[in-house]
């Protein structure tokens, strides 16, 4: 109920906190502070405390945060304490880089199927799980059969809208879009990965 | 002077507005409204008007925004009305996808040099400009000689911090980081491209 009131910008920082906690755990650390997290992330400690306070009391005055506990809490809040099946469309260089990326599994995601339109790519194995690339015409059926809710689009810009529409119609609720266009898929959440946006956001300050 | 007072989150939306204007221009359109932009981007029209009002008066009540004019103004504000030279470190699948990406040139960026540590990649041509991949040991000299301010890191996580440090020491002021780690480079602006962060930000709502 209070959940919907939490600003999206706050939700967007939680995965960054989660990543920082993962690194601290890998370093063998057990306790951290909003000050240390802030220093590592370039965010003020007050902002971190305020962000986390939306979700409960995670730290104690003077003793800081128990890293393993906060990590588990954030995983539950972000619903990545479970595994989400993902479809990937686009098996070019970018799709291959995504399929080869080892960082999804421990973070709540596993790519279950890869699709492309290119006959030279279809039926070839790809990625860390050696998935056989399928014809994009099989995309809708696969999403429905596997009840997949999360999709990644790594196609050229001109193909992305049609792929997004197919995904949405078949039941996908969240799309990570690498194609440099804004998708029109009402009712589906979309996050964009566009290097130009990242770069232009920085040149403003140069 | 007022510039520093503009929230980073507002600056971060300007490239998205710029991209939407580019699409409208490609459609042959000449005038748009905050309402139309908002519908396309999933942002409220009030937010768009408020964001743009930080930078001046771009629209007229009742007639909307002149697309070409607003496009030019945003390019100037973001300083992408000029061309920024960029170095890319990492010539794996991801680096190759970035080097092959045709979307930089019209947006203010051009990759001038590509570096890797892998002898099998060094000296091979890569990307749309057929740049010869260089040994990462030449990175610092190249940045200084070409006076490059912008870098892209597409290396494995374990190499990224050392690369970022080399970049910073040689004069890079803005880094787009694809490696899934938080970089510690004081005085350098960093934007992160991490698919896990994008995905986790959506599962919260599912």
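Chains as they are written, first to last, in my numbering: chain B, 51 to 256; chain L, 51 to 256.
Idealized CB from N, CA, C, for every residue including glycine.
Just so we're clear, the structure is a prediction, and the values are computed from it rather than from any experiment.
DSSP state of residue i mapped onto helix, strand, coil
i: residue 248 of chain B; result: helix
i: residue 80 of chain L; result: coil
i: residue 239 of chain L; result: strand
i: residue 255 of chain B; result: coil
i: residue 231 of chain B; result: coil
i: residue 148 of chain L; result: helix
i: residue 56 of chain L; result: coil
i: residue 70 of chain L; result: helix
i: residue 51 of chain B; result: At residue 51 of chain B the pLDDT is 41, less than 50, meaning the model places this residue with poor confidence; the figure from the coordinates comes in the next sentence. If DSSP states are grouped into helix, strand and coil, residue 51 of chain B belongs with coil.
i: residue 63 of chain B; result: helix
Expected contact under 8 Å - CB spacing of residue i and residue j to nearest Å
i: residue 210 of chain L; j: residue 233 of chain L; result: 6 Å
i: residue 218 of chain L; j: residue 235 of chain L; result: 4 Å
i: residue 128 of chain B; j: residue 254 of chain L; result: 5 Å
i: residue 189 of chain L; j: residue 165 of chain L; result: 5 Å
i: residue 90 of chain B; j: residue 62 of chain L; result: That pair is no contact at about 21 Å.
i: residue 191 of chain B; j: residue 172 of chain B; result: Not really, about 15 Å apart at Cβ, beyond 8 Å.
i: residue 68 of chain L; j: residue 121 of chain L; result: 7 Å
i: residue 187 of chain B; j: residue 220 of chain B; result: Not really, about 12 Å apart at Cβ, beyond 8 Å.
i: residue 141 of chain L; j: residue 183 of chain L; result: 5 Å
i: residue 225 of chain L; j: residue 199 of chain L; result: Rounded, the Cβ-Cβ distance is 10 Å, inconsistent with contact.
i: residue 87 of chain L; j: residue 76 of chain L; result: With 8 Å as the limit, residue 87 of chain L and residue 76 of chain L do not qualify as a contact, their Cβ atoms being about 15 Å apart.
i: residue 123 of chain L; j: residue 108 of chain L; result: 6 Å
* Asked: If you measure beta-carbon to beta-carbon, which residues of the segment 115–131 of chain B are closer than 8 Å to chain L?
  -> 127, 128, 129 and 130
* Asked: At a cut of 8 Å, does the segment 226–246 of chain L reach the segment 202–217 of chain L through at least three beta carbon pairs?
  -> yes
* Contact the segment 235–251 of chain B vs the segment 99–118 of chain L: 3+ CB pairs below 8 Å -> no
* Asked: Quick one: complete alpha helix (DSSP H) runs, 4+ long, within the segment 153–221 of chain L?
  -> 189–196 and 207–220
* Spell out a yes or no on whether the segment 107–116 of chain B and the segment 159–177 of chain B are touching, meaning 3 or more CB-CB pairs, one atom from each, closer than 8 Å. => no
* For the segment 144–175 of chain B, which residues have a CB atom closer than 8 Å to at least one CB atom of chain L, in sequence order? -> 144, 146, 147, 148, 150, 151, 153, 154, 157, 158 and 159
* Asked: Between the segment 116–135 of chain B and the segment 157–172 of chain B, do at least 3 Cβ pairs fall closer than 8 Å?
  -> yes
* Contiguous alpha helix (DSSP H) assignments of at least 4 residues, all confined to the segment 77–131 of chain L -> 84–91, 95–103 and 117–127
* Taking a Cβ distance cut-off of 8 Å, strictly less, list which residues of the segment 64–81 of chain L are near chain B, in chain order. => 64, 65, 66, 68, 69, 70 and 73
* Asked: If contact means a Cβ-Cβ distance below 9 Å, which residues of the segment 194–214 of chain L contact chain B?
  -> 199, 200, 202, 204 and 207
* Asked: Any residues in the segment 91–117 of chain L with a beta carbon nearer than 8 Å to a beta carbon of chain B? Which ones, in chain order?
  -> 91 and 92
* Given a limit of 7 Å on CB to CB distance, which residues of the segment 240–256 of chain B reach chain L? -> 241, 243, 245, 246, 247, 248, 249, 250, 251, 252, 253, 254, 255 and 256
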